[in-house]
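Numbers 0 to 140, taken from numbering that gives the first Met the number 0, label the letters of the sequence shown in order.
Virtual Cβ for every residue (Gly too), placed ideally from N, Cα, C.
Report on the following structure.
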Amino acid sequence: MNKRFGPPSVLLAIAAGAMLGTLLRYSINVAAFDSIFPFGTLVENWSGSALLGALTGFFAIFTVREWISAGLGVGLCGGYTTFSTLVSDTVLLGSALSPLYIAAYILPTIVGGIAFAWAGFAGAQRLGRKLRSSERGGRRL
């Protein structure tokens, strides 16, 4: 086992998650390609932020194997969300349209990403506490 990169199961889970996340991101971009405004990237980053927030909130309550958290967080969410496409889209908007379009893209992306991550985290924390309390009450999931 390589201490720096972790066991092979973690690396394989990250690779599998990244592959799935990247294919999902590509599918959304293909579906939203007809628009001059990068709606696909906006949707990916918002939904990816919500998912990563939810995973973080859930994993703070429930301990899971390292390969699961790394595969979903680093792999899936890392492959699905995309900072480099955000930057590329911003440059393209700036060269083709007014700075107002850049602001209409950057601000909702950043503010929305934080808001969706917070909402995902809070929702998963609430669900996790409810599930945890039902386990303690003798009911099995």
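Is it true that the stretch 103-120 meets the stretch 27-41, where meeting means three or more beta-carbon pairs spaced less than 8 Å apart?
Contact between the stretch 103-120 and the stretch 27-41 is present, because at least three Cβ pairs lie under 8 Å.
Within the stretch 4-85, note down every full alpha helix (DSSP H) run reaching 4 residues or more, in order along the chain.
With a minimum length of 4 residues, the continuous alpha helix (DSSP H) runs that stay inside the stretch 4-85 are 7-30, 38-60 and 65-68.
Give me the residue from V110, G5 and L130 with the minimum Cα distance to L49.
Your numbering for residue 49 matches position 50 in the sequence shown. Checking the sequence shown, residue 49 turns out to be Ala, not Leu. Of the candidates V110, G5 and L130, the one whose C-alpha sits nearest the C-alpha of A49 is V110.
Label A93 either buried or exposed according to how many other C-beta atoms from any shown protein chain fall within 10 Å of its C-beta, with 16 as the threshold for buried.
Residue mapping note: residue 93 aligns to position 94 of the sequence shown, counting from 1. According to the sequence shown, residue 93 is Gly rather than Ala. Of the residues assessed, G93 falls on the exposed side of the cut-off, its CB having fewer than 16 other CB atoms within 10 angstroms.
Enclosing alpha helix (DSSP H) for S97 [first to last residue]:
Residue mapping note: residue 97 aligns to position 98 of the sequence shown, counting from 1. Per DSSP, S97 belongs to no alpha helix (DSSP H) and is neither H nor E.
Pick out whichever of E65, F61 and G16 has its Cα sitting closest to the Cα of F4.
Taking the first residue of the sequence shown as position 1, residue 4 is located at position 5. Taking F4 as reference, the option from E65, F61 and G16 with the minimal CA-CA separation is E65.
Closer than 6 Å by C-beta to Q124: which residues in its own chain qualify, once you throw out the five before and the five after it? Chain order, please.
Taking the sequence shown and counting its residues from 1, one reaches residue 124 at position 125. The answer, listed in chain order, is G56.
Just to confirm, are A17 and G77 a CB contact at a threshold of 8 Å?
To locate residue 17, count along the sequence shown from 1; it is residue 18. To locate residue 77, count along the sequence shown from 1; it is residue 78. For A17 and G77, yes; Cβs fall inside 8 Å.
Just the C-alpha distance for F58 and A95, rounded to the nearest angstrom, thanks.
Along the sequence shown, one-based indexing puts residue 58 at 59. Along the sequence shown, one-based indexing puts residue 95 at 96. The straight-line gap separating the alpha-carbon atoms of F58 and A95 is approximately 43 Å.
Could you check if F115 is buried or exposed, using at least 16 other CB atoms within 10 Å of its CB as the buried criterion?
The residue labelled residue 115 in the question sits at position 116 within the sequence shown. With 16 or more Cβ atoms within 10 Å of its Cβ, F115 is classed as buried.
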